[in-house]
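**Student:** Have a look at this one.
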Amino acid sequence: MLYFQVMSVRRYIAIWLSFLSFFAGAAPLPFNYGGQEISLGSSKSLAWDAKRSLILADFAQRISPEFHIPDRLKKRVSFWFDIYTAYSANHYVIHHARYPWIVFEVIDTGPQIETGKGPLWLRKQRAQKFVNRRKAQIRQVLKDLSRNPKRFRSPEHKRLFKLVQENAPGKSLKRKFRLALHSVRAQLGQKDFFHSGLEQSSHYLPHMEEEFERLGLPKELTRMPFVESSFNTKARSRVGASGIWQIMPRTGKAYLTVNQFIDERNNPIKATTAAGRLLRNYQRALKSWPLTITSYNHGIGNIKKAIRAARSEDLADIIDRYHQGDFKFASSNFYACFLAALHAECYHEILFDDIQRLPKKNFVVTQLKTRRKPTTLLKLYGISKEEFLKFNLDLAEAVKSNRTLPPGLKVFLPKRFDKSLAANQMKKVRL
-15 MLYFQVMSVR
-5 RYIAIWLSFL
5 SFFAGAAPLP
15 FNYGGQEISL
25 GSSKSLAWDA
35 KRSLILADFA
45 QRISPEFHIP
55 DRLKKRVSFW
65 FDIYTAYSAN
75 HYVIHHARYP
85 WIVFEVIDTG
95 PQIETGKGPL
105 WLRKQRAQKF
115 VNRRKAQIRQ
125 VLKDLSRNPK
135 RFRSPEHKRL
145 FKLVQENAPG
155 KSLKRKFRLA
165 LHSVRAQLGQ
175 KDFFHSGLEQ
185 SSHYLPHMEE
195 EFERLGLPKE
205 LTRMPFVESS
215 FNTKARSRVG
225 ASGIWQIMPR
235 TGKAYLTVNQ
245 FIDERNNPIK
255 ATTAAGRLLR
265 NYQRALKSWP
275 LTITSYNHGI
285 GNIKKAIRAA
295 RSEDLADIID
305 RYHQGDFKFA
315 SSNFYACFLA
325 ALHAECYHEI
335 LFDDIQRLPK
345 KNFVVTQLKT
355 RRKPTTLLKL
365 YGISKEEFLK
375 FNLDLAEAVK
385 SNRTLPPGLK
395 VFLPKRFDKS
405 LAANQMKKVR
415 L
């Protein structure tokens, strides 16, 4: 596999974009890299589109071919790539829910939030109301067009007419606009969260890659938590999913210890093993990574139902043909989100200049032979409660209430305890 040095990759992109701007007839825009000024073209949009295209084509061959982007999903993946890498949490991208690459408008609420009057919560509330009004206005224009697509001639009607006509599949104009009318959705940008995830992920990714290699799984799958949680170890969902892998309670209990005092879904390493075993089981049943990864979000039973309804095992066909039950926005976009996040992470040094990636978290793992109180363990290891919990997020409630820990439980300790475990004849174990 061919790998480029960071400097070479950036220089390659800069030169490629310079040629692009030349052939587009654009006046050059200076780009300073390593003390050199290199032309990127007169339009930021032109430069960004070219950079995105290069990265999504995996030009440096950093990603296994089995996770290259299918032609029929390219527009969908491009949309999510922009959400993760171009738009911050102050950006609302108003788009078509069925065909997300149809973007009606992008609203930057940053100036309103930063310079508006009143407390922060009130400024955010005003910004949200403005976005809601704009969505309503867009719906009204689409409603007009759904009645008579060619009758209205205002600039806004013309703009949305052209946008939907050229980008929405299908032949019937009225049907296109009726669907668009009921599909107006606002997506918050996630560049800030993705940036944070890039910094946090390096704590765990080396261990996660080792574990997936042990399980016989592609290392690319370890990037799924960028979609699930942006590697936020405190992530909890409204429906009960928890941890960086956002494992649901029922699934967690099948692979991990999940109870009132111990929740191994919140231990990134233990949860990685569980997620890997689940993905491996799904892959054996479905024989397709797009379907397997979508099943992680939607459930394997529901995916099999979708396959039967769409009469196809091609995910693009299922997305186009199946719009029933819970297979809606989140499930239909999950694989596209994964591919977008995977490519963004693999080329992060081109997209983000200020990433401070955390060092690999080094630890040793031991297994309790007998029941132990957390306070007893802390004294035995000579470790503070705060440091112990940094390595054992799954035991937060047990430590808080000093609940007895069961034999067989795997406990994580800082790497410096390697020698002391041997001295005390305490067994180190694999995950």
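Heads up, the sequence shown is in my numbering, so the first residue is -15 and it goes up one at a time. Glycine included, every Cβ here is placed at the ideal spot set by N, Cα and C.
1. Taking only the alpha-carbon atoms, compute the straight-line gap between C330 and Q96 and give it to the nearest angstrom.
2. Does DSSP put T241 in a helix, in a strand, or in coil?
3. Around the C-beta of P343, are 16 or more other C-beta atoms found within 10 angstroms, so that it is buried, or is it exposed?
4. May I have a chain-ordered list of the beta strand (DSSP E) segments no shorter than 3 residues that lie completely inside the region 329 to 405?
5. Between the C-alpha atoms of T99 and T93, what's the straight-line distance to the nearest angstrom?
6. Per DSSP, what kind of secondary structure is S156 in: helix, strand or coil?
7. So, using beta-carbon positions, are V242 and P233 closer together than 7 Å?
8. List the endpoints of the continuous alpha helix (DSSP H) containing E204.
9. Could you give the C-beta distance for L201 and G260, rounded to a whole number, given that I count them as a contact under 8 Å?
10. In this structure, does DSSP put D92 in helix, strand or coil?
11. Considering only the beta carbon of each residue, do Y306 and A293 sit closer than 7 Å?
12. Is N317 closer than 7 Å to P358 when the C-beta atoms are compared?
13. Is the beta carbon of K384 closer than 7 Å to that of Q351?
14. Reducing DSSP to helix, strand and coil, say where D247 ends up.
15. With a Cβ-Cβ cutoff of 7 Å, do F88 and I78 count as a contact?
16. Any chance the region 124 to 137 sits against the region 147 to 159, with 3 or more Cβ pairs inside 8 Å?
17. Is V90 closer than 7 Å to I122 when the C-beta atoms are compared?
18. Leaving out the 5 sequence neighbours to the left and right, which residues in its chain are closer than 6 Å to L266 when beta-carbon positions are compared?
19. Give the straight-line distance between the Cα atoms of F43 and S62, rounded to the nearest whole angstrom.
20. Note down, in chain order, each residue of its chain lying with its Cβ closer than 6 Å to the Cβ of C321, except the 5 sequence neighbours on either side.
21. What is the rounded straight-line gap between the Cα of A324 and the Cα of Y68?
22. Note down, in chain order, each residue of its chain lying with its Cβ closer than 6 Å to the Cβ of Y188, except the 5 sequence neighbours on either side.
23. Can you name the residues that DSSP bridges to S226?
24. Examine the Cβ distances between the region 71 to 86 and the region 43 to 56 and report whether three or more of them are shorter than 8 Å.
25. Please report the Cβ distance between A170 and Y76, rounded to the nearest whole angstrom; I am assuming they are in contact, meaning their Cβ atoms lie under 8 Å.
26. Assuming E183 contacts R341 (C-beta within less than 8 Å), just tell me the rounded distance between them.
27. Please go through the same chain and pick out, in chain order, the residues whose beta-carbon is closer than 6 Å to the beta-carbon of G227, but skip the five residues on each side of it.
28. Closer than 7 Å by C-beta to Y365: which residues in its own chain qualify, once you throw out the five before and the five after it? Chain order, please.
29. Could you check what DSSP says for A81 in three-state terms: helix, strand or coil?
30. Helix, strand or coil for A170? Go by DSSP, reduced to three states.
**Tutor:** Taking the coordinates as given:
1. For the purposes of this step, residue 330 is taken as the residue at position 346 of the sequence shown. For the purposes of this step, residue 96 is taken as the residue at position 112 of the sequence shown. Their backbone Cα atoms lie some 34 Å apart in a straight line.
2. Numbered from 1 along the sequence shown, position 257 holds the residue referred to as residue 241. If DSSP states are grouped into helix, strand and coil, T241 belongs with coil.
3. Position 359 of the sequence shown, counting from 1, holds the residue named residue 343. Classification for P343: exposed.
4. 347 to 351 and 394 to 398
5. For the purposes of this step, residue 99 is identified with residue 115 of the sequence shown, where counting begins at 1. For the purposes of this step, residue 93 is identified with residue 109 of the sequence shown, where counting begins at 1. Their backbone Cα atoms lie some 10 Å apart in a straight line.
6. Residue 156 sits at position 172 when you count from the first residue of the sequence shown. The answer is coil: DSSP assigns S156 none of H, G, I, E or B.
7. Taking the first residue of the sequence shown as 1, we reach residue 242 at position 258. Taking the first residue of the sequence shown as 1, we reach residue 233 at position 249. Yes, these two residues count as a Cβ contact at 7 Å.
8. As a working mapping, residue 204 is identified with position 220 in the sequence shown. First-last for E204: undefined, no H or E at that position.
9. Locating residue 201 in the sequence shown gives position 217, counting from the first residue. Locating residue 260 in the sequence shown gives position 276, counting from the first residue. The Cβ separation is near 6 Å, so the contact holds.
10. To locate residue 92, count along the sequence shown from 1; it is residue 108. It is a strand residue.
11. Residue numbering aside, residue 306 sits at position 322 when the sequence shown is read from its first letter. Residue numbering aside, residue 293 sits at position 309 when the sequence shown is read from its first letter. In this structure, A293 lies closer than 7 Å to Y306 by Cβ.
12. Here residue 358 refers to the residue found at position 374 of the sequence shown. Here residue 317 refers to the residue found at position 333 of the sequence shown. No, these two residues do not count as a Cβ contact at 7 Å.
13. Counted from its first residue, the sequence shown places residue 351 at position 367. Counted from its first residue, the sequence shown places residue 384 at position 400. No.
14. One-based indexing of the sequence shown puts residue 247 at position 263. Of the three classes helix, strand and coil, the one that applies to D247 here is strand, per DSSP.
15. Working through the sequence shown from its first residue, we reach residue 88 at position 104. Working through the sequence shown from its first residue, we reach residue 78 at position 94. For F88 and I78, yes; Cβs fall inside 7 Å.
16. yes
17. Here residue 122 is taken as the residue at index 138 of the sequence shown, counted from 1. Here residue 90 is taken as the residue at index 106 of the sequence shown, counted from 1. No.
18. Counting from one through the sequence shown, the residue named residue 266 turns up at place 282. The identity of residue 266 in the sequence shown is Tyr, whereas the question assumes Leu. Here the set comprises T276, S279 and I284.
19. Mapped onto the sequence shown, residue 43 falls at position 59. Mapped onto the sequence shown, residue 62 falls at position 78. C-alpha separation (whole angstroms): 15 Å.
20. Taking the sequence shown and counting its residues from 1, one reaches residue 321 at position 337. Excluding positions up to five away in sequence, the list reads W64 and V211.
21. For the purposes of this step, residue 324 is identified with residue 340 of the sequence shown, where counting begins at 1. For the purposes of this step, residue 68 is identified with residue 84 of the sequence shown, where counting begins at 1. If you take the alpha carbons of A324 and Y68, they lie about 8 Å apart.
22. Walking along the sequence shown from the start, residue 188 turns up at place 204. Here the set comprises P252.
23. One-based indexing of the sequence shown puts residue 226 at position 242. Its beta-bridge partners are R220 and I231.
24. no
25. In the sequence shown, residue 170 corresponds to position 186, counting from 1. In the sequence shown, residue 76 corresponds to position 92, counting from 1. Going by Cβ atoms, the distance from A170 to Y76 rounds to 5 Å, so yes, they are a contact pair.
26. Position 199 of the sequence shown, counted from the first residue, corresponds to residue 183. Position 357 of the sequence shown, counted from the first residue, corresponds to residue 341. Rounded, the Cβ-Cβ distance is 6 Å, consistent with contact.
27. Translated into positions along the sequence shown, residue 227 becomes position 243. Taken in chain order, the residues that qualify are R249, N250 and A255.
28. What you label residue 365 is simply residue 381 of the sequence shown in a count that begins at 1. Closer than 7 Å at Cβ, skipping near neighbours: L397 and F401.
29. Counting from one through the sequence shown, the residue named residue 81 turns up at place 97. In this structure, A81 counts as coil in the three-state DSSP scheme.
30. Against the sequence shown, residue 170 aligns to sequence position 186. In this structure, A170 counts as strand in the three-state DSSP scheme.
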